[in-house]
Amino acid sequence: MKTKNVYLALGIAIIGLLAFAGCDKNDDSAGGGTTRVEVRMTDAPGNFDAINLHVKEIVLKSDERSYTFAAETGLFNILDYRIGTANPDILVASGEMPSGDITEIRLVLDDGNTIVVDGTEYALTTPSGQSSGWKVKLTENPVLVPGVTYTLLLDFDAAKSIVQTGNGKYLLKPVVRGVTAATSGLISGSVSPIESYPEVLAIQGTDTVGTVADPSTGAFTIGGLAAGTYSLKIVPQDTLAFPDSTIANVSVSLGQNTNMGVINLEN
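All the letters of the sequence shown, read from the start, carry residue numbers -21 to -1, 1 to 246 under mature numbering (1 follows the signal peptide of the UniProt record, and there is no 0).
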């Protein structure tokens, strides 16, 4: 009983915080929820020993607003990461942003980029005026669904990104293609009656992910779920007043919201 009361208190506290945040006219996530985004990089091969990149940040544009994710990695050799190998990609940046359409991605590099050719390391210089970064070519504009985790894979074309000048120097003009993939799905719905104040659990094998239904509406969402089949268990705060309920074979697909509708608990 104590654990369920803690869940209920947390649910009420979170709703209160969201209501308070909704009063801020500058609230980025108003009306649409948020989505977690992971930005990873991989390489399309080039004939070099190493291309050492120092990423400063990734800038995502949505609804005419920019969202900046600081890089989470230091200098790395992009040639070490290739699809189909033991190291297919590297996590560069991640964070939460308002859900919706991504209309632009920019790769912003820091200083210190180098290239190794025939055992010799050279500095990679970038053309002036590139402080805003390099625009990533999107295969399509991704639409981010609230509660779903997405991976933005930036495919760095090594052969096209390096330009050798006549004086033995090397220029870096990144040519990058962006591909989006959802890496999780979600289950949503509502529980009736509202006063059952239930805990909602998504169970798959020995793994359980839970949430608390909104005490004012009965609505719930469980996000960040791997694709697969789950059992959805509804556990009211007072199991003497309301019976618990389990729904088997709930299917979750990547990037999709499995809406359970209204789940009725009989007195």
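Don't be surprised by glycine CBs; every beta carbon is placed ideally from N, CA and C.
Alpha carbon to alpha carbon, how far is residue j from residue i? Give it in angstroms, no decimals.
| i | j | result |
| --- | --- | --- |
| N39 | L219 | Residue 39 is actually Leu in this sequence, not Asn. Near 50 Å, if we compare the C-alpha coordinates of L219 and L39. |
| L58 | S45 | 29 Å |
| residue 324 | F221 | Past the edges of the chain, shown from -21 to 246, lies residue 324, and the structure says nothing about it. |
| M239 | P106 | 53 Å |
| N243 | T82 | 41 Å |
| A9 | S111 | Its pLDDT being 36, under 50, A9 is placed unreliably by the model, and nothing is read from it. |
| A198 | E100 | 58 Å |
| V115 | K152 | 12 Å |
| V34 | T225 | 47 Å |
| A50 | I37 | 7 Å |
| G25 | Y149 | 14 Å |
| T159 | F48 | 16 Å |
| T21 | L131 | 11 Å |
| T52 | T196 | 42 Å |
| R19 | T144 | 30 Å |
| D223 | K212 | 7 Å |
| A227 | A102 | 59 Å |
| I69 | Y60 | 7 Å |
| L54 | E119 | 29 Å |
| V154 | L86 | 10 Å |
| S73 | Y209 | 27 Å |
| A192 | W113 | 43 Å |
| P121 | G168 | 25 Å |
| N146 | T104 | 13 Å |
What first and last residue would you give for the alpha helix (DSSP H) that runs through residue i?
| i | result |
| --- | --- |
| residue 269 | No information on residue 269 is available, as it lies outside the stretch -21 to 246 that the chain covers here. |
| A137 | 137 to 140 |
Considering residue i, what are the terminal residues of the beta strand (DSSP E) in which it resides?
| i | result |
| --- | --- |
| K212 | 207 to 214 |
| E245 | Per DSSP, E245 belongs to no beta strand (DSSP E) and is neither H nor E. |
| S73 | 69 to 77 |
| S224 | 224 to 231 |
| A23 | 13 to 23 |
So what does residue i bridge to, in DSSP terms?
| i | result |
| --- | --- |
| T93 | N31, A102 |
| K114 | R85 |
| residue 247 | No answer is possible for residue 247: it lies beyond the span of the chain, which begins at -21 and ends at 246. |
| G168 | F199 |
| G157 | L117, L133 |
| G189 | L180 |
| K40 | S45, E83 |
| V122 | D80 |
| L219 | Partner(s): none; L219 has no beta bridge. |
| N238 | S167 |
| D128 | Residue 128 is actually Thr in this sequence, not Asp. Answer by DSSP bridge pairing, in chain order: R15. |
Am I right that residue i and residue j are in contact with their C-beta atoms under 8 Å? What's the rounded C-beta distance?
| i | j | result |
| --- | --- | --- |
| I201 | I173 | I201 to I173, Cβ: 18 Å. No contact. |
| L117 | G79 | In fact, because the Cβ distance is near 15 Å, the residues do not count as touching under 8 Å. |
| V241 | S171 | 5 Å |
| Y129 | T14 | 6 Å |
| Q216 | P177 | 7 Å |
| A23 | D97 | Not a contact, Cβ separation roughly 21 Å. |
| L76 | V16 | Here residue 76 is Met; the residue named in the question, Leu, does not match the sequence. Indeed, because the Cβ distance is near 6 Å, the residues count as touching under 8 Å. |
Review point. Okay, do the region 173 to 185 and the region 197 to 210 touch, 3+ Cβ pairs below 8 Å being the bar?
Key: yes
Point to revise | the region 89 to 98 touching the region 20 to 31, judged by at least three CB pairs closer than 8 Å | key: yes
Review point. Do the region 136 to 150 and the region 59 to 68 make contact, defined as three or more Cβ pairs closer than 8 Å?
Key: no
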